[in-house]
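Structure first, then comments.
2 protein chains.
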Amino acid sequence: METPGSQSSLHRANLERVVRAVRLAGSLTQAEIARTTGLSAATVSNIVRELKDGGTVEVTPTSAGGRRARSVSLSGDAGIVIGVDFGHTHLRVAVGNLAHQVLAEESEPLDVDASSTQGFDRAEELVNRLIAATGVDRSKIAGVGLGVPGPIDVESGTLGSTAILPGWTGTKPAEELRGRLGVPVHVDNDANLGALGELVWGSGRGVRDLAYIKVASGVGAGLVISGKIYRGPGGTAGEIGHITLDESGPVCRCGNRGCLETFAAARYVLPLLQSSHGTDLTMEGVVRLARDGDPGCRRVIADVGRHIGSGVANLCNLLNPSRVVLGGDLAEAGELVLGPIRESVGRYAIPSAARQLSVLPGALGGRAEVLGALALALSEMGDSTLLDSTLHAATPAFT
Amino acid sequence: METPGSQSSLHRANLERVVRAVRLAGSLTQAEIARTTGLSAATVSNIVRELKDGGTVEVTPTSAGGRRARSVSLSGDAGIVIGVDFGHTHLRVAVGNLAHQVLAEESEPLDVDASSTQGFDRAEELVNRLIAATGVDRSKIAGVGLGVPGPIDVESGTLGSTAILPGWTGTKPAEELRGRLGVPVHVDNDANLGALGELVWGSGRGVRDLAYIKVASGVGAGLVISGKIYRGPGGTAGEIGHITLDESGPVCRCGNRGCLETFAAARYVLPLLQSSHGTDLTMEGVVRLARDGDPGCRRVIADVGRHIGSGVANLCNLLNPSRVVLGGDLAEAGELVLGPIRESVGRYAIPSAARQLSVLPGALGGRAEVLGALALALSEMGDSTLLDSTLHAATPAFT
DNA sequence: GCTTAGAGTTCACTAGTTGGACATAGACGG
DNA sequence: CCGTCTATGTCCAACTAGTGAACTCTAAGC
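As they're listed, the protein sequences go chains A and B. FYI, our numbering numbers position 221 of the first sequence as 211, with every residue one higher than the one before it. FYI, our numbering numbers position 186 of the second sequence as 176, with every residue one higher than the one before it.
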């Protein structure tokens, strides 16, 4: 941010412009870059040379049968980003590069009762393992995205009370991880990251406004508005789980009655099946049984869908997103749950808003959050971090 | 948008930067501009000269007792914007300048059964009258903001069906007015404009995210997110009136049951008082009686408040705005309605979101929409239109 | 084999910002 | 009442960075 308004800032902006164009297209020739960015060929020539010297970009002498086009693409190891996601039962880590490619991904079970220290030990270990496995240069790591399953104040980085990982309340996960890995860590809650993940790699590609509904032990939503995570001024936007559906409904853990969560979240829904299907049931199990035709499970899932649909209808009336993506275990139920959701939306949302809404299952399953963490790391640094390294590497070469 | 990335675009950006800084501060010396914008004093000197030659800015030789500071301020007649609002019973027009000052404002009753042609005749006439009254130069009009009381597709400019001004459906108000006045016209619905008005001049000053709830014959909300009107991909965001509060409630004109509107909008609420208070009651009348102590009216207003509060709680959970502003006639009831709203919000919203929410009455009353139309005209042209004229006027002077 | 056309580079030119030198004018102290 | 001080605004030379035009290069097409 040195001097806004100066020529150097313009140059920087043009660098970013080029990098973004290349990233979006995968690979471009210089002439194509000039056309898509609106810059002149001469400028592009200079910028590409600078980026190449900095190692950000790779120039393959000639690829396809053109005249003599050198295709420019992001060099795979120009920068590495890492996504870490603490889920309710699993810890997932993914390693990607600036070209939006996922190089490696792994998950391992995480003990719910683990202390935060244990959790971070495991995360650090897994990150190191993946870095070693992919053989990337540690110094190339540009940033880490971190997902936590609970309300987090993005400003201060403090984790609020989470019923899922008790004992983590009040910790500052980003600082903790930053201390261990020595690189910038950006944190957000899992619903927001799921939304970002589906937006970039999953069912939300091509859309700029999206709501990601995650149904697990609770119900949360991640909102993407104009391509950016919307957190709201207080950072608690997207609490769709605590919309009131029935003022005299069951008491919710939040203290109100008849929240959507009490009709849809695993903790409230599973008990319904205990007497008939035993106590060891998980949401995953219910979904499996429903797919196999079990009528009780089908009925329960349809009811959950109807209630989620009511919440989505409210969301739709208020925000009018063009796409709603359903994540979490429940998404595995496919049409068994999506049908009732769509039916409810059609019934309760105003027609003009409902008409252009598509409700889709998540395409990434449980991976949405890690990949979202990756996307967060990418978006948080913008292309600027990348360019910083470019500049540092490039300027000595010019003197 | 000529050539993005060129130096001229940088220059343009710096011009905008200076204009914005001056507008936000009212008046600044060149040194102050340099400090707030981060530009160098020399650059500011050039830019100020250019703006002065273009007539955008005025330089008063010296104002207060400094050393020799020339204070720079936007020249009042650098550009004029006009706001036009078609309300349910009134037509309002306001004239303002680029310094965000309102120069004149007038309203006149509008016959509900007026055809759109008649309406536009009246609007054109009133605009001309105000232009004459303020003595501004017609050629200085940079843009017009237009508010219409119904759903409008901002992309195509076509008005959807409106129960308030029947016979206007399918017209393109912006085109119509543009044809008559010969300047760019930007259109939006009244709830969005009310939100913008309160944001810029009213109860929303200093906030970037705001929801404006307008209760009249229907219930609508205007959402401002990060300082910009949020319309949603389909343009129908903010339909808080058709959130479902009670699945088995009264049938709403939208076809669903138990919409917020059926508990709060005038058309559904007034009949409740007909047997006791007669049939000529208006919402305004109910509010007046309630303020005078009429228990029936007080009860009705409190009930309306409670229901609105339920809707606001949902809104709050989903979007977590920092401020909710209540507009329309109902806002006149003050605490009689705000109290129950806050109570409902406290009851139904999750505590962390409700805690930082302030619910305020609109500060502008029925003027919110016209002023919002003014703000729309200002924001739609950005500072660019302003700068275009500057450039056109300034470049000949340099050759 | 010659022509052609698109790709990329080089170079002189130009737009525009900057730092520093300079003139100006009020405030302050004597 | 006068010199000094300090902050303001302007001017100028230097520098940065983008552009158009000319130029070179290569492969395709006839």
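Cβ coordinates follow ideal geometry from the N, Cα and C atoms, glycine included.
Annotation: E322 (chain B) is outside any alpha helix (DSSP H) and is labelled neither H nor E by DSSP. Residues of chain B with a Cβ closer than 7 Å to the Cβ of Y338 (chain A) are, in chain order, T234, N246.
Counted as a single uninterrupted DSSP element, the stretch harbouring D75 (chain A) is not any alpha helix (DSSP H) but the beta strand (DSSP E) occupying residues 70 to 76. Annotation for T252 (chain A): G239, P240, C242, Y258 place their beta carbon closer than 7 Å to its own, counting only its chain and skipping 5 residues before and after.
At a cut-off of 8 Å between beta-carbon atoms, P240 (chain A) makes no contact with chain B. Any Cβ of chain A closer than 8 Å to the Cβ of L183 (chain B) would place that residue at the interface, and such an atom is absent. Counted as a single uninterrupted DSSP element, the stretch harbouring D103 (chain B) is not any alpha helix (DSSP H), since DSSP gives it neither H nor E. The Cβ-Cβ distance between S300 (chain B) and G224 (chain A) does not fall below 8 Å. In the DSSP assignment, G86 (chain B) is bridged to B:V71, B:V92.
Interface annotation for the stretch 284 to 317 of chain A against chain B: S300, A303, N304, L305, N307, L308, L309, N310, P311, S312, criterion Cβ-Cβ distance under 8 Å.
The bridge partners DSSP lists for Y202 (chain B) are B:G212, B:V315. Within chain B, the residues whose beta carbon sits less than 9 Å from that of A343 (chain A) are G222, G224, T226, A227, E229, H232, listed in sequence order.
In the three-state reduction of the DSSP assignment, L354 (chain A) falls in the coil class, being assigned neither a helical nor a strand state. If you look at N179 (chain B), you'll find it in the beta strand (DSSP E) that goes 175 to 179.
Around the beta-carbon of G208 (chain A), 16 or more other beta-carbon atoms lie within 10 Å, marking it buried. Shown here for A339 (chain A): same chain residues with a beta carbon closer than 6 Å to its own, the five before and five after excluded, namely A303, C306, N307 in chain order. Contact between L136 (chain B) and V74 (chain B) holds: their C-beta atoms lie close to 5 Å from each other, under 8 Å. Between A84 (chain A) and V92 (chain B), the alpha-carbon positions lie close to 55 Å from each other.
Ranking B:R221, B:E237, B:G212 by CA distance to the CA of I215 (chain A) puts B:R221 first. Look at A343 (chain A) here: in three-state DSSP terms it is helix. If one requires a minimum length of 4 residues, the alpha helix (DSSP H) runs lying completely within the stretch 127 to 196 of chain B are 163 to 171, 180 to 191, in chain order. When the five nearest sequence neighbours on each side are left out, the beta carbons in the same chain lying within less than 8 Å of the beta carbon of T19 (chain A) are those of G56, A59, R60, S61, V62, in order along the chain. Along the stretch 114 to 145 of chain B, going in chain order, the ones with a CB nearer than 8 Å to a CB of chain A are P141. When 8 Å is used as the limit between beta carbons, D180 (chain B) is near no residue of chain A, the shortest such separation being about 17 Å. The continuous stretches of beta strand (DSSP E) do not include E229 (chain A), and DSSP gives it neither H nor E.
Proximity of the stretch 174 to 192 of chain A to the stretch 139 to 149 of chain A meets the contact definition, three or more beta-carbon pairs being nearer than 8 Å. Bounds of the beta strand (DSSP E) holding S63 (chain B) are 61 to 64. Chain-ordered, the chain A residues with CB closer than 9 Å to the CB of Q(-3) (chain B) read Q(-3), L0.
Here DSSP, grouped into helix, strand and coil, assigns C249 (chain B) to strand. Rounded to whole angstroms, the gap between the alpha carbons of E359 (chain A) and G187 (chain A) is 6 Å.
Around the Cβ of S193 (chain A), a 10 Å sphere holds 16 or more other Cβ atoms; the residue is buried. The beta-carbon distance between R198 (chain A) and G217 (chain A), rounded to whole angstroms, is 5 Å. This is short enough to meet the 8 Å contact definition. Within the same chain, and ignoring the five residues on either side of V38 (chain A) in sequence, the residues whose Cβ sits closer than 8 Å to its Cβ are V8, Q20, I23, V47, V49, V62.
According to the DSSP secondary-structure assignment, K218 (chain B) is paired through a beta bridge with B:I215.
Residue environment: L14 (chain B) is assigned as exposed (fewer than 16 neighbouring CB atoms within 10 Å of its CB, all protein chains considered). At a cut-off of 8 Å between beta carbons, Q20 (chain A) makes no contact with chain B.
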